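Report on the structure given below.
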Amino acid sequence: MEDAIQIVTSIKNGQVKPIYFLMGEEPYYIDKIANYIEDQLLPEEEKGFNQMVMYGRDTSVDEIISNSKRYPMMAERQLIIVKEAQDLSRTIEKLEAYSDNPQPTTTLVVCYKYKKIDKRKKLYKSVAKTGVIFESKRLYENQVADWIQKTLKSSGYAISPKASQMLVEFLGTDLSKIDNELQKLQLIAPKGTNISPELIEENIGISKDFNNFELRKAIGMRDTVKAHRIINYFAQNTKDNPMVVTVSLLFGYFSQILQYHGIADKSKANVAKVLKVNPYFVGDYVLAAKNYPMKKVSQIITYLRETDVKSKGVGATNIPAGDLLKELVVKIMN
Numbered sequence: 001m002e003d004a005i006q007i008v009t010s011i012k013n014g015q016v017k018p019i020y021f022l023m024g025e026e027p028y029y030i031d032k033i034a035n036y037i038e039d040q041l042l043p044e045e046e047k048g049f050n051q052m053v054m055y056g057r058d059t060s061v062d063e064i065i066s067n068s069k070r071y072p073m074m075a076e077r078q079l080i081i082v083k084e085a086q087d088l089s090r091t092i093e094k095l096e097a098y099s100d101n102p103q104p105t106t107t108l109v110v111c112y113k114y115k116k117i118d119k120r121k122k123l124y125k126s127v128a129k130t131g132v133i134f135e136s137k138r139l140y141e142n143q144v145a146d147w148i149q150k151t152l153k154s155s156g157y158a159i160s161p162k163a164s165q166m167l168v169e170f171l172g173t174d175l176s177k178i179d180n181e182l183q184k185l186q187l188i189a190p191k192g193t194n195i196s197p198e199l200i201e202e203n204i205g206i207s208k209d210f211n212n213f214e215l216r217k218a219i220g221m222r223d224t225v226k227a228h229r230i231i232n233y234f235a236q237n238t239k240d241n242p243m244v245v246t247v248s249l250l251f252g253y254f255s256q257i258l259q260y261h262g263i264a265d266k267s268k269a270n271v272a273k274v275l276k277v278n279p280y281f282v283g284d285y286v287l288a289a290k291n292y293p294m295k296k297v298s299q300i301i302t303y304l305r306e307t308d309v310k311s312k313g314v315g316a317t318n319i320p321a322g323d324l325l326k327e328l329v330v331k332i333m334n
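Take 1 as the starting number for the sequence shown in the UniProt record's numbering and just add one per residue.
In structure tokens form, the structure reads like this:
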């Protein structure tokens, strides 16, 4: 996020580079930077003659270079944006000939999504010297909740830890998808609002009571009644609550509890750092570790692996996912 902000700030301050090579696994920031440049670099009256959007599947590196070498018409600068440039991966190295000596009156933006160019190759070194290379890395699941909080804070909102965790577990790590939902919430709630689980339930459709976050918490607390109530809800709503997601999240949860048992320094700050969780949730892990000794946790991880295999049809033909999940929770909590 900081690198993306720095690029945008530099452009705002008039420090425009001739080449921006935006690459990486996470398309969200690539789109954000490219859209900002497309919207803001040229005045509206200059865009008709001096702004061009090209697509990797419909063009070639030679054509990109040819257009980049043109002079702007009645303006100081022209802008060329190449979207889906990853479709040119076989020939993208040919861009080095241009990047060594780019046209100073052209700004070339290359959107190279889901891939990255080799840092050892000449193209990388050339662009790094004359322009800007931005690598957009996909966030790990444990980083997304913090990203949600920072994103909302920059817009004048706050969000509770439980609410941000609900979004992560329901929407995954796709930042574009999460951002779309955050935009909806910001249209509904006035600035200064602390986004709550109730607000998310009402406007996004994620149940604040029947979700994987609450299931993990109920299992950690050994709240059998609540855990079975959630599992029954999952069994009746399998489309919205895929078993593979639940088993995967429970596996991650008990792996963290196993890790907690092995931590020497069990201070709140250190536990949060080692387990890569918000300090707000450390108490839940402390309680879960008391309820599930190390030997039991190891056994549970075995149960989870067995259930995962059964859910894929190995040794458990025609058993409904809901029944497998119920059986798993019984084994965990006994």
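Heads up, the beta-carbon is just placed ideally off N, CA and C, and yes, glycines get one too. As the structure is a computational prediction, the values presented were derived from the model and not from experiment.
Cα-Cα separation between Ser248 and Asp265, rounded to whole angstroms:
27 Å
Within 10 Å of its beta-carbon, does Met74 have 16 or more other beta-carbons around it, so buried, or fewer, so exposed?
exposed
Hey, quick one: how far does the alpha helix (DSSP H) through Val286 stretch, first residue to last?
282-291
Have a look at the DSSP bridge pairing and note the partners of Lys113.
Gly24
contact_flag[the stretch 245-262, the stretch 293-303] where n(CB pairs < 8 Å) is 3 or more
yes
Quick one: Cα of residue 340 to Cα of Tyr280, how far?
Not covered by the structure: residue 340. The range shown for the chain is 1 to 334.
Determine whether the beta carbon atoms of Lys86 and Tyr112 lie at a separation below 7 Å.
Here residue 86 is Gln; the residue named in the question, Lys, does not match the sequence. Closer than 7 Å, so yes.
Lys276 to Gly172, Cα distance in whole Å?
17 Å
Over the uninterrupted beta strand (DSSP E) stretch that includes Glu135, give me the two end residues.
132-135
Quick check: the Cα distance between Gln15 and Pro102, rounded to an integer number of angstroms?
16 Å
In the structure shown, what three-state DSSP assignment does Gln299 receive?
helix
Would you say Leu22 and Ile33 are within 7 Å of each other, going by their C-beta atoms?
It is a contact, given that the beta carbons lie within the stated cut-off.
Hey, which unbroken runs of the alpha helix (DSSP H) at 4 residues or more fall wholly within the stretch 228-282?
243-261, 268-275
How is the alpha helix (DSSP H) around Lys47 delimited, first residue to last?
Following the DSSP letters along the chain, one finds Lys47 inside the alpha helix (DSSP H) bounded by residues 44-50.
What does a CB cutoff of less than 7 Å around Phe234 pick up in its chain, not counting 5 residues either side in sequence?
Asn241, Thr246, Gly322, Leu325
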